[in-house]
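Residue numbers (mature numbering (1 follows the signal peptide of the UniProt record, and there is no 0)): -27 to -1, 1 to 188. Yeah, the Cβ is synthetic: ideal placement off N, Cα and C, and Gly gets one too. The structure presented is a predicted model; accordingly, all values stated were derived computationally and were not measured. Written out below as structure tokens is the structure these notes cover.
Quick look at the structure:
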């Protein structure tokens, strides 16, 4: 966990991945510190009383190791980590099976089938789905949301939902949905950029190894 945060909390702050605790951080009480994030790195999210937000932010930034980052940085990091953006990569029409997020449904819940959407999701787990979320690496210009994904023969087989240049890999990365027959890692596909077919390949996600700490 960040040494800066440990200093601010007086040391001894121990939080494992996807859990949280209440702590006083740099003199601001009742901060909810959660060991999670949206970048693939070992980070935390801090929920702070509204009246103390500016104060805590300024105290964090007083340390030279802490820098502000914009949404562009966050978006490239989360895409490199293979994390979905709601409204782009998943929405109310997407199932966890299609999005390769079945791991979010506990084994007990799958057995009891007592969760919302079970009547659709359980059959999909058993019989597979017509489409699947994939990662892809492409040549040429970077691809964006709604870019058509093509088979080697030029047939539309899906659509990009997120894409950007990867600062870490120095390549163009994206995720999207394709017909399940083309979802295997290493499959040669194409993307349509400015009405031209550009070579791409289905790639395992995360594109960049994550650094989560589980304790």
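- Its chain contains 49 as the residues whose beta carbon lies nearer than 7 Å to that of residue 140, once the 5 sequence neighbours on both sides are disregarded; these appear in chain order.
- The C-beta separation of residue 9 from residue 18 comes to about 6 Å, placing the pair in contact by the 8 Å criterion.
- In the DSSP assignment, residue 163 forms a beta bridge with 123, 172.
- At a Cβ-Cβ threshold of 8 Å, residue 171 and residue 111 count as neighbours.
- By the beta-carbon neighbour count (other beta carbons within 10 angstroms, threshold 16), residue 62 is buried.
- In terms of Cα proximity to residue 131, the closest of 32, 154, 114 is 154.
- The DSSP-derived three-state label of residue 24 is helix.
- When rounded, the separation of the alpha-carbon atoms in residue 71 and residue 22 is 38 Å.
- Excluding residues up to 5 positions away in sequence, -24 lie with their Cβ nearer than 6 Å to the Cβ of residue 36 in the same chain.
- Going by beta carbons, residue 12 and residue 54 fall inside the 8 Å limit.
- When DSSP states are grouped into helix, strand and coil, residue -24 belongs to the helix group.
- Cβ contact annotation for residue -18 (same chain, cutoff 6 Å, sequence separation greater than five): none.
- Within a 10 Å sphere around the beta-carbon of residue 105 sit 16 or more other beta-carbons, which makes this residue buried.
- Distances from the alpha-carbon of residue 127 to those of 145, 165, 107 put 165 closest.
- Under DSSP, residue 109 forms a beta bridge with 147, 175.
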